[in-house]
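S.K.:
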Amino acid sequence: SSSKILIKGGTVVNAHREEVADVYVEDGIIVAVKPNIKVGDDVTVLDATGKFVMPGGIDPHTHLSFEFMGTETVDDFFYGQAAALAGGTTMHIDFVIPVSGSLTAGFEAYEKKAKKSCMDYGFHMAITKWDEVVSKEMEIMVKEKGINSFKFFLAYKGALMINDELLLEGFKKCKSLGALAMVHAENGDAVYEGQKRMIELGIFGPEGHALSRPSLLEGEATARAIRLAGFVNTPLYVVHVMSIDAMEEIATARRKGQRVIGEPVVSGLTLDGSGVWDPDFVTAAKFVMSPPIRASGHDKALQAALSTGILQLVGTDHCSFNSTQKALGIDDFRNIPNGVNGIEERMHLVWDIMVESGQISVTDYVRITSTECARIFNIYPRKGAILPGSDADIIIFNPNSSFEITAKSHHSRSDTNVFEGRRGKGKVEVTIAGGRIVWENDELKVVPGSGKYVEMPPFAYLFNGIDKGDAEYLSSLRAPVKRFKSTD
Ligand code: DUC
Ligand code: ZN
Ligand code: ZN
Ligand code: ZN
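For the sequence shown, my numbering begins at 3 and goes up steadily by one.
In structure tokens form, the structure reads like this:
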């Protein structure tokens, strides 16, 4: 395809407005957005009349090539990204997992995994232990490696989990570096207890996974992380908000003026927890993720929170395993690799449940699938906008067409799909990534190595409500009281 593209006659939607305009792209960059652009015949022209022209989706939460629970996800950086592009997502932010606690080794491993990328990507970094070396490495990641967010696990006891003392150290370090702290919020000690209870009751199947880690444990950890972030006075990003319990903690904190960001994921927004009760093990096991997909009612409540701004952006936690891998836990749910798909389905499903259902506007759709993510991670308006100078990551979306999700037709390498059989209105007809048409007429044209690493710069000032700054705060305190011993 040509390096010059004109998208004609569509309704261009940004988070800040929609307008009928043409979009002209040259060498990977959006050059002009205005009506009636005239071009020469060396330009590929796409007719978008009656369609929406929107920024490509940005998925803030994925795990490609993730070595986890004794196996590795089937979608690597090439296949996972190809699936994403077929579904209208043009950038994702993946979690670098340290190698034996080393951030540097983890970063190098992920750099290598990502070499085959066919779309742009960024990295968050997980922190799984704490010492002076980790602290120093965090600084290197922020100052030299383009990472501005760190995730702490309050779950996965004995593996990824860290305790409150170390969480506080991590939060303080994030604040001092101008990086955003993120949490996986479930109480890992209580989950461990819940798992023992299930085993004692003789419940070994996938339903035991959900029963062992109920939503109150997500609510507890969310509340704790929020309060500790408030104590350190640094903003907090809560990943995969799956329950009313967690969402309400975020709502309360935000109402009180604390800067807390909440990320629901497509599985939590669109599914109820009935899947793990399927009598067929493989069907049930495919729904096993952490935190678990909750009972009916949580999904609708999370949608409502998203539509009213309590939650701000949608991720996927895309972490795909096939049936054979899920079968590692056939005798014991604790060995089922945790994770579900979503990177390819997110844009369609969010359109269906949020826009088609009448809960949000098309501009809001762009905000929650793309723009807000770019803003939060400090890469806007290079990403998340259709503006002159922005990267040419664009989708043409036909609201009058329709989509259907099946494992047979999807582009992930997994043999299952948790959204199997879902249909709805709307379809991503064209995806342009980095100025190249990569998805058109239901066909992918992806090139390994064409995706670029997007560095995410740190924040000069982490705003969290009214931050007086430590010195000013201390000087505002009363002087210590002088006390005398009773014998004096
Ligand atoms: N939850 C999952 O289901 N998979 C990856 C990691 C996580 O926290
Ligand atoms: Zn997680
Ligand atoms: Zn995750
Ligand atoms: Zn196909």
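Even glycine gets a Cβ: it sits at the ideal position worked out from N, Cα and C.
Closer than 6 angstroms by C-beta to Trp441: which residues in its own chain qualify, once you throw out the five before and the five after it? Chain order, please.
M.R.: Hits under 6 angstroms: Leu87, Ala88 and Thr433.
S.K.: Rounded to the nearest angstrom, what separates Leu169 and Ala157 at their Cα positions?
M.R.: Rounded to whole angstroms, Leu169 to Ala157 spans 12 angstroms at the Cα level.
S.K.: By the DSSP assignment, the alpha helix (DSSP H) with Ala84 in it spans what residues?
M.R.: Ala84 -> alpha helix (DSSP H) spans Phe79 to Ala88.
S.K.: Might you give, ordered along the chain, the residues of its own chain that have their beta carbon closer than 7 angstroms to the beta carbon of Gln305, omitting 5 neighbours on each side?
M.R.: Only Leu271, Ile355, Met356 and Gln361 meet the Cβ criterion.
S.K.: I'd like to confirm something about His320: is its beta-carbon nearer than 8 angstroms to some heavy atom of ligand 2, or not?
M.R.: No - ligand 2 has no heavy atom lying nearer than 8 angstroms to the Cβ of His320.
S.K.: Suppose you measure from the CA of Gly428 to the CA of Pro401; what does that come to, to the nearest Å?
M.R.: C-alpha separation (whole angstroms): 4 angstroms.
S.K.: Return the first residue and the last residue of the alpha helix (DSSP H) that Met140 is part of.
M.R.: Met140 -> alpha helix (DSSP H) spans Glu134 to Glu146.
S.K.: In the DSSP output, what is Gly426 paired with across the bridge?
M.R.: Beta-bridge pairing links Gly426 to Phe405.
S.K.: What's the C-alpha gap between Ser119 and Glu146?
M.R.: Answer to the nearest angstrom: the Cα atoms are 21 angstroms apart.
S.K.: Is the beta carbon of His126 within less than 8 angstroms of some heavy atom of ligand 2?
M.R.: Answer for His126: no, Cβ out of range of ligand 2.
S.K.: Take Ser292 and list the residues in its own chain whose beta-carbon comes closer than 6 angstroms to its own, dropping the five residues that flank it on each side.
M.R.: Here the set comprises Asn340.
S.K.: What residues in its chain sit with their C-beta under 7 angstroms from that of Gly467, if we drop five residues either side in the sequence?
M.R.: Note that Gly467 has pLDDT 45, beneath the 50 cutoff, so the model's placement of it is unreliable and no number is given.
S.K.: Quick one, are the C-beta atoms of Ala225 and Glu265 less than 9 angstroms apart?
M.R.: The answer is no: Cβ separation not under 9 angstroms.
S.K.: Shortest alpha-carbon distance to Ile127 belongs to which of Thr51, Phe97, Tyr194 and Asp44?
M.R.: With the sequence shown as reference, residue 127 is identified as Met, and Ile is not the correct amino acid for it. Nearest of Thr51, Phe97, Tyr194 and Asp44 to Met127, Cα basis: Phe97.
S.K.: Whole beta strand (DSSP E) runs in the segment 277-314 with 3 or more residues, listed along the chain?
M.R.: Counting whole runs of 3 or more residues, the segment 277-314 contains no beta strand (DSSP E) stretch at all.
S.K.: One question on the structure: do Thr371 and Val352 come within less than 9 angstroms of each other, judged by their Cβ atoms?
M.R.: In this structure, Val352 lies closer than 9 angstroms to Thr371 by Cβ.
S.K.: Using the DSSP secondary-structure output, state which residues sit across from Leu182 in a beta bridge.
M.R.: Per DSSP, Ser151.
S.K.: My understanding is that Val101 touches Ala111, with C-beta atoms under 8 angstroms, so please give their C-beta distance in whole angstroms.
M.R.: Sure, about 6 angstroms apart at Cβ, within 8 angstroms.
S.K.: Along the chain, where does the alpha helix (DSSP H) that runs through Gly232 open and close?
M.R.: Per DSSP, Gly232 belongs to the alpha helix (DSSP H) from Ser217 to Val234.
S.K.: Just how far apart, CA to CA, sit Ala181 and Tyr239?
M.R.: Rounded to the nearest angstrom, the two C-alpha atoms are 11 angstroms apart.
S.K.: Verify whether the separation of the beta carbon atoms of Asp274 and His242 is less than 9 angstroms.
M.R.: Contact flag unset, no.
S.K.: With a threshold of 16 other CB atoms inside 10 Å of the CB of Val125, please say whether the residue is buried or exposed.
M.R.: It should be pointed out that residue 125 corresponds to Phe in this sequence rather than to Val. By the 10 Å Cβ count, Phe125 comes out buried.
S.K.: Measure the C-alpha to C-alpha separation of Arg296 and Ala212 and round it to an integer number of angstroms.
M.R.: Going from the Cα of Arg296 to the Cα of Ala212 covers about 8 angstroms.
S.K.: Taking only the alpha-carbon atoms, compute the straight-line gap between Val316 and Lys385 and give it to the nearest angstrom.
M.R.: One C-alpha to the other measures close to 16 angstroms.
S.K.: Which residues in the same chain have their Cβ closer than 7 angstroms to the Cβ of Ala462, if we skip the five residues on either side of it in sequence?
M.R.: Once the five neighbours on either side are set aside, the close Cβ partners of Ala462 are Gly180.
S.K.: Is there at least one non-hydrogen atom of ligand 1 closer than 8 angstroms to the beta-carbon of Gly341?
M.R.: Yes, Cβ of Gly341 sits closer than 8 angstroms to a heavy atom of ligand 1.
S.K.: Under the DSSP definition of a beta bridge, which residues are partnered with Ala23?
M.R.: Paired residues: Gly12.
S.K.: Judging by CA-CA distance, which residue of Lys114, Gly103 and Asp122 is the nearest neighbour of Ser137?
M.R.: Here the closest residue by C-alpha is Gly103.
S.K.: The beta strand (DSSP E) that contains Leu203, what's its start and end?
M.R.: Element bounds for Leu203: n/a, residue is neither H nor E.
S.K.: Suppose the cutoff is 6 angstroms on Cβ atoms and the five residues either side in sequence are ignored; what does the same chain contact list for Cys2 look like?
M.R.: As shown, the chain starts at 3 and ends at 490. That puts residue 2 outside it, with no answer to give.
S.K.: What does the alpha-carbon distance come out to for the pair Asp333 and Gly207?
M.R.: Between Asp333 and Gly207, the C-alpha separation is close to 7 angstroms.
S.K.: In the DSSP assignment, what are the bridge partners of Thr64?
M.R.: Beta-bridge pairing links Thr64 to Asp96 and His320.
S.K.: Over the uninterrupted beta strand (DSSP E) stretch that includes Phe54, give me the two end residues.
M.R.: Where Phe54 is concerned, the enclosing beta strand (DSSP E) stretches over Phe54 to Pro57.
S.K.: Does the segment 51-59 come into contact with the segment 406-413, if we say contact requires no fewer than three beta-carbon pairs (one atom in each stretch) closer than 8 angstroms?
M.R.: Judged by Cβ distances under 8 angstroms, the segment 51-59 makes no contact with the segment 406-413, as fewer than three pairs qualify.
S.K.: Under 8 angstroms from any heavy atom of ligand 3, does the C-beta of Val241 make it?
M.R.: Yes; taking the cut-off as 8 angstroms, the Cβ of Val241 has a heavy atom of ligand 3 nearer than that.
S.K.: Taking C-beta to C-beta, are Lys6 and Thr51 nearer than 9 angstroms?
M.R.: No, the Cβ-Cβ distance between Lys6 and Thr51 is not below 9 angstroms.
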